[in-house]
Structures are given as C-alpha cells and as structure tokens.
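Chemist: Residue numbers (the working numbering), protein chains in the order written: chain Z, 1 to 111; chain G, 112 to 227. Next up is a structure, given as structure tokens.
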C-alpha cells in the first residue's frame, strides 16, 4: 500500500533550466508535506515543506506546490545547478508524526 | 551546532549476532525517529520515541527488534539474531517539541548494516 508515490524514478535536466519533481499521495489525512534531498551514503537533508493550509511555499531556488484536490505536490528548482544532482524524496505526515516517504526520484543536472 | 549523530556509520555482523545502532538527537530535540531504507527503496518508518517512552512502534518488526531512548544517553535501536534481510541503511531523525503537524524531522547520516 504505497500511500506516497513518485512515479518518475529518474529525471535529467540541463543546467540552468527548471527541474520539476512530482509526487502523488492517496491518504487524505496527510496535512504536512516535505521534500528531502539525499546524496549517496548520506542522510536525507531537509529542503522545504508545506502545510495543507497553503498551496505554495518558496525558499530561494526551491518552490513547492500543493494541489489538495488532486492529492499532488511538486518541487520546482530554478535555475538547476550541478550540485542539485541527487535523489529527491517527498514525504507526508498526518498528525501521527511518522513520515511516509515516496520511492525517490534521481535528478541529474547536465552541463 | 551539531546535527543528528549516528554511530557506527558502518556495521558488519554475522547471522545470529546482535546489532546495536546509536543515535544522538540534535541539541534541544526531544523526539527521535528510526527509519530503514532497503536498496532502491524509500525510507520506511520504524519507531518514534520520546525520552523514556515509545510513542509509536507500528513500523517495527514484531520480533528481534527493539528501541529505547533513555533519560540519559543516546537512543538505541537493537536487532537481535540478525538475518541477511536486515541488511539496510538505518536512519535516525530528530525533531523539537511537536507543534500540531508542522514539525520537521532532521536526519542523521545513517548506519549501514551488512549481515554476512
């Protein structure tokens, strides 16, 4: 029962362009959503989050959009930089504290 | 401003041995979480603890796995009689006092357990 899904295992984007990572969820009780970035052999690093009372949150080059009716969120990175190459996980929680993670999307930024 | 600390970073055990994984939360954080990541998969929740209390262990296997967060010292994830299927990366996260659904968890570097 995969409650959080990232349907694209990988994404390749040219440096300087926009990267868009997508995430879908099925549990309507989720009310807090996060994006993490992970390099090999390291722990996930928190990037940005959004509460269900908002539909957009922005922090520098990172913007997260939430569409509650579609149960969909996306992370936009603009402009994309080589250091952004990593695996990106979306995660959700519904007041129970535990995070439910997607399977991850491997982002590669090409020069 | 030290982050979440985990040790050891790598642990090798033979089948049937015990594995002990340690986690020290960020300063000022009183909530600890353990997650497991199998190869090519996302992280899966195992257990959520506060000092001296297990709050949610719904993700813990029923046998061989236990966790604690004592009043003093790090949180410990203990796996008894390890099997090859326990080989994974185990991540600890911590968060400050919970504020109704807006709490962010910060992760440690993980312990990579290999069972021979």
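For glycine and all other residues, C-beta sits at the position ideal for the given N, C-alpha and C. Note that this is a predicted model, so its numbers are computed, not measured.
Would you give the residue range spanned by the beta strand (DSSP E) that residue 73/Z belongs to?
Modeler: Run containing residue 73/Z: 72-77, per the beta strand (DSSP E) assignment.
Chemist: With DSSP as the reference, label residue 197/G as helix, strand or coil.
Modeler: Three-state DSSP puts residue 197/G in a helix.
Chemist: Using three-state DSSP, classify residue 211/G as helix, strand or coil.
Modeler: Its pLDDT being 49, under 50, residue 211/G is placed unreliably by the model, and nothing is read from it.
Chemist: Whole beta strand (DSSP E) runs in the segment 19-72 of chain Z with 3 or more residues, listed along the chain?
Modeler: Here the runs fully enclosed are 19-25, 32-38, 45-51, 56-59 and 62-67.
Chemist: Looking at residue 181/G and residue 135/G, is the spacing between their C-beta atoms short of 8 Å?
Modeler: Not a contact, by the Cβ cut-off of 8 Å.
Chemist: Check each candidate in 109/Z, 49/Z, 83/Z and 8/Z and name the one with the smallest Cα separation from residue 24/Z.
Modeler: Comparing Cα-Cα distances from residue 24/Z to each of 109/Z, 49/Z, 83/Z and 8/Z, the minimum goes to 8/Z.
Chemist: Cα separation between residue 60/Z and residue 124/G?
Modeler: Each residue's Cα considered, the two are about 44 Å apart.
Chemist: Please report how far the alpha carbon of residue 159/G lies from the alpha carbon of residue 66/Z, in whole angstroms.
Modeler: Going from the Cα of residue 159/G to the Cα of residue 66/Z covers about 27 Å.
Chemist: At the 8 Å Cβ level, is residue 97/Z part of the contact set with chain G, yes or no?
Modeler: Output row for residue 97/Z: interface = yes.
Chemist: Is it true that the CB of residue 62/Z sits closer than 8 Å to the CB of residue 49/Z?
Modeler: Cβ distance not < 8 Å, so residue 49/Z and residue 62/Z don't count as in contact.
Chemist: Which residues of chain Z have a Cβ atom closer than 8 Å to the Cβ of residue 219/G, listed in chain order?
Modeler: Per Cβ cutoff of 8 Å: 43.
Chemist: Please report the Cβ distance between residue 85/Z and residue 107/Z, rounded to the nearest whole angstrom; I am assuming they are in contact, meaning their Cβ atoms lie under 8 Å.
Modeler: About 6 Å separates the two Cβ atoms, so the contact holds.
Chemist: Given this structure, state the Cα-to-Cα distance separating residue 39/Z from residue 87/Z, to the nearest angstrom.
Modeler: Taking the straight line from one Cα to the other gives about 6 Å.
Chemist: Are residue 178/G and residue 115/G close, meaning C-beta to C-beta below 8 Å?
Modeler: No, they are not a contact pair.
Chemist: Quick one: list the residues of chain G neighbouring residue 46/Z, beta-carbon separation under 7 Å, in chain order.
Modeler: What residue 46/Z touches in chain G: 215 and 217.
Chemist: Show which residues of chain G have a CB atom less than 7 Å away from the CB atom of residue 139/Z.
Modeler: The question about residue 139/Z has no answer here: the residues shown for chain Z are numbered 1 through 111.
Chemist: Looking at chain G, is there any beta carbon in it that lies within less than 8 Å of the beta carbon of residue 103/Z?
Modeler: By this cut-off, residue 103/Z is an interface position.
Chemist: I'd like to know if residue 28/Z contacts chain G, where contact means its C-beta is closer than 8 Å to some C-beta of that chain.
Modeler: Taking Cβ atoms only, chain G never reaches closer than 8 Å to residue 28/Z, which makes this a no.
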